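K.L.:
Got a structure for you, questions after.
Numbering (my numbering), first residue to last: 316 to 483.
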C-alpha cells in the first residue's frame with residue numbers, strides 16, 4: 316500500500332468516524348440512521364476503501380462505547396465492525412454483477428449483513444428471552460436505517476465516479 320492509498324484509507328476512516336460521532340444519538344441503537352454507512356458503497360469504485368470504512372466503523376463503535384453513547388458497548392466494536400468489513404468485501408466482489416443495470420448484491424450486502432449481525436447483537440443484549448424474535452425486530456429497524464444510508468451512498472458514488480478523486 317503506497318502513501319497515497321494509505322492517506323485515502325485514513326481519510327475515509329476519519330470521515331466515517333467524524334460523521335458518525337457528530338450524529339451519535341442517531342448512529343447507535345436499534346433505530347439508527349448512520350449516514351456514514353453511505354460510505355459502505357465506496358468499494359464499488361475503490362477497493363482499498365474497504366479498510367477505511369472498516370477502521371472508521373471500529374473507531375466509531377469503540378469511541379461510542381467509551382463515551383457511553385453506544386448502548387451495545389464494546390461488543391459492537393467487534394460485531395458491528397465485522398458486518399461492515401464483510402459487507403465491504405461483498406460489495407467489491409460483486410460490483411460488476413448487475414441486475415437491471417444495478418449492482419444489487421453489492422447494494423444489498425450492507426443492509427442484509429447489518430440486519431442479521433447487528434440485529435442479533437441487539438437481540439442478544441436487549442431481548443435474550445427470545446433472540447429470534449429480537450433479531451427480526453431489531454434487525455428490521457437497523458435495516459431501515461441502513462437502506463436510507465445505502466440510497467444516499469448510491470447517489471454519492473454516482474457523483475464520485477465523475478471526479479478523479481480515486482484515480483490512481
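In this text, a Cβ means the ideal position worked out from N, Cα and C, and glycines have one as well.
These figures come from a predicted structure and were not determined experimentally.
1. The alpha helix (DSSP H) that contains residue 376, what's its start and end?
2. By Cβ distance, which residues of its chain are closer than 6 Å to residue 442, with the 5 residues on each side in sequence left out?
3. According to the neighbour-count rule (16 or more other Cβ atoms, all chains shown, within 10 Å of its Cβ), is residue 424 buried or exposed?
4. Roughly how many angstroms separate the alpha carbons of residue 415 and residue 363, rounded to a whole number?
5. What number of angstroms, rounded off, separates the C-alpha of residue 461 from the C-alpha of residue 407?
6. Whose C-alpha, out of 351, 394, 463, 392, is nearest the C-alpha of residue 327?
7. Where DSSP assigns a beta bridge to residue 417, which residues make up the other side?
8. Using the Cα positions of residue 444 and residue 474, report the straight-line distance between them to the nearest angstrom.
9. On a Cα-Cα basis, can you pick out the residue from 481, 453, 420, 464 that is closest to residue 387?
10. Measure the alpha-carbon distance for residue 336 versus residue 379 and round it to whole angstroms.
11. Evaluate residue 324 with the Cβ neighbour count: other Cβ atoms within 10 Å of its Cβ, from every protein chain shown; 16 or more gives buried, anything less gives exposed.
12. State the DSSP-derived secondary structure class of residue 479, mapped to helix, strand or coil.
P.N.:
On the basis of the data shown:
1. 364 to 382
2. Closer than 6 Å at the Cβ level, and outside the excluded window around residue 442, lie 449.
3. buried
4. The alpha-carbon atoms of residue 415 and residue 363 are separated by roughly 27 Å.
5. Residue 461 and residue 407 have their C-alpha atoms spaced approximately 18 Å apart.
6. 351
7. 414
8. 45 Å
9. 453
10. 7 Å
11. buried
12. coil
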